[in-house]
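Engineer: From first to last, the protein sequence lines are chains V and S.
Residue 1 is where the first sequence starts when you use my numbering, and the numbers rise one by one after that.
Residue 1001 is where the second sequence starts when you use my numbering, and the numbers rise one by one after that.
The beta-carbon is built from N, C-alpha and C at its ideal position, and this holds for glycine as well.
Following this message is one structure expressed as structure tokens.
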Amino acid sequence: MVKRTKTISHIAILTALASAIYYVESFLPMPVSVPGARWGFSNFPLLLSVVSGISVTNTLYIALLKTLLGSILSGRFLSPMFWMGLGGSLASALSMSLFFKFTNKFGILGISEIGAFFSNAVQLIIASLFIVKSANVFWYFPYMLFFGIITAFINATIVNYILRSVNLDRFKS
Amino acid sequence: MKFTKKNDLYLLIVVILLVLVMIFMNASPNQGIIGAEVHLKGDQILQITKEGTYSVINDEGELLMNVEYVDQRIRVTDSSCPLKVCENTGWVENPNQPIICIPNEIIVKPLGTQNGEGIDIYTW
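Structural data, given as structure tokens:
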């Protein structure tokens, strides 16, 4: 019972953090105009939950809930950008947890880069298949990847500092 | 958990190389365009071959955006979308670069002088 409560509060804290950042980062301007792209700082709670070793299901819950809450707060619920964000964060949560669980080859930075790569790729695939229905969106792929690298580095640094100062074992289920 | 391992560096190098190669391939044929196609939700609704300003209107008759084609360059002005990414894209002269409006689901596809050149990368 205690464990279950701890898991629920862990998910709740990280979700609250992520959706707040999701909302605030929509005010940050992008230096290059790329359709549908955001900086993606709200992915650091996902990275934190992956490297602190909670289960894949719980990480996916955080990804789903932060996109739902964040998009309701910022008023783009069920818009095309919401679907891109949902696909991107689910894909990055899944790929990061799988790489963390089954390979021991990557550090925090590497896991973060993998998440950014899959998030960008899946966002563009969703846009090209369902939204604009044209493969021309892939013109923007290198630019998104470039920003993905920078964001992934910032996210990994934040997570590294948090892991140093917070004992996350207390939250582990 | 360590911050970096050796493989992270290799991963970074691979991704950066990928970015550079793709940007290089995108930029290759860079001479004026001869027109454009406008697609709304995947269907072509407008073919632009003459200079001028064109309005893109959806089925309900709402004005979605204006497309301006002058001097072998094309741009979007007055879009109804919230973030105006399509307007901020500015003038486009490269036939490979589409102007995309995600909220309105519009894609403005410039037509190049050499047909089919440089398109191979995207058809996967």
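Can you say whether N167/V is buried or exposed, counting buried as having 16 or more other CB atoms within 10 angstroms of its CB?
Structural biologist: exposed
Engineer: I want to verify the contact list: residues of chain V whose CB lies under 8 Å from the CB of Q1097/S, in sequence order.
Structural biologist: W139
Engineer: Tell me, please, whether the CB atom of L46/V is closer than 8 Å to any CB atom in chain A?
Structural biologist: Absent from the structure is chain A; the protein chains it does hold are V and S.
Engineer: Name, please, each residue of chain S whose Cβ falls closer than 8 Å to the Cβ of S79/V.
Structural biologist: P1103
Engineer: Let me check understanding here. Comparing Cα to Cα, which of S92/V, E25/V, I162/V, N58/V lies closest to W39/V?
Structural biologist: E25/V
Engineer: With 16 other CB atoms within 10 Å as the buried threshold, where does W1124/S fall?
Structural biologist: Note that W1124/S scores a pLDDT of 40, beneath 50, so its modelled location is shaky and nothing firm can be said.
Engineer: Taking only three categories from DSSP, how would you classify R1075/S?
Structural biologist: strand
Engineer: Rounded to whole angstroms, what's the CA-CA distance from K133/V to T5/V? Just pull it up for me.
Structural biologist: 44 Å
Engineer: Note down, in chain order, all residues in the region 87 to 108 of chain V with a beta-carbon under 7 Å from any beta-carbon belonging to chain S.
Structural biologist: The residues in question are K105, F106, G107, I108.
Engineer: Using the rule of at least 16 other Cβ atoms within 10 Å of the residue's Cβ for burial, across every protein chain shown, is V2/V buried or exposed?
Structural biologist: Counting every other CB atom within 10 Å of its CB across the protein chains shown gives V2/V a total below 16, marking it as exposed.
Engineer: What residues in the region 1047 to 1069 of chain S bring their beta carbon closer than 8 Å to a beta carbon of chain V?
Structural biologist: none
Engineer: Under the rule that 16 or more other beta-carbon atoms within 10 Å means buried, what is P1110/S, buried or exposed?
Structural biologist: buried
Engineer: Whole-angstrom Cβ separation of N1104/S and L1064/S, contact assumed at under 8 Å?
Structural biologist: 5 Å
Engineer: Label E113/V either buried or exposed according to how many other C-beta atoms from any shown protein chain fall within 10 Å of its C-beta, with 16 as the threshold for buried.
Structural biologist: buried
Engineer: Taking C-beta pairs closer than 7 Å, name the residues in chain V that T1089/S reaches, listed in chain order.
Structural biologist: S33
Engineer: Assuming Y23/V and G70/V make a contact with CB atoms under 8 Å, what is their CB distance in whole Å?
Structural biologist: Right, their Cβ atoms sit about 5 Å apart.
Engineer: Could you compute how far the alpha carbon of L48/V sits from the alpha carbon of E1060/S?
Structural biologist: 46 Å
Engineer: Could you work out which residues of chain V lie near I1033/S, taking near to mean beta carbons separated by less than 7 Å?
Structural biologist: Result: empty, since nearest Cβ-Cβ is about 14 Å, beyond 7 Å.
Engineer: Are P1095/S and V1108/S close, meaning C-beta to C-beta below 8 Å?
Structural biologist: No, the Cβ-Cβ distance between P1095/S and V1108/S is not below 8 Å.
Engineer: Would you list, in chain order, the members of the region 124 to 138 of chain V that have their beta-carbon closer than 7 Å to a beta-carbon of chain S?
Structural biologist: A127, I131, V132, K133, S134, A135, N136, V137, F138
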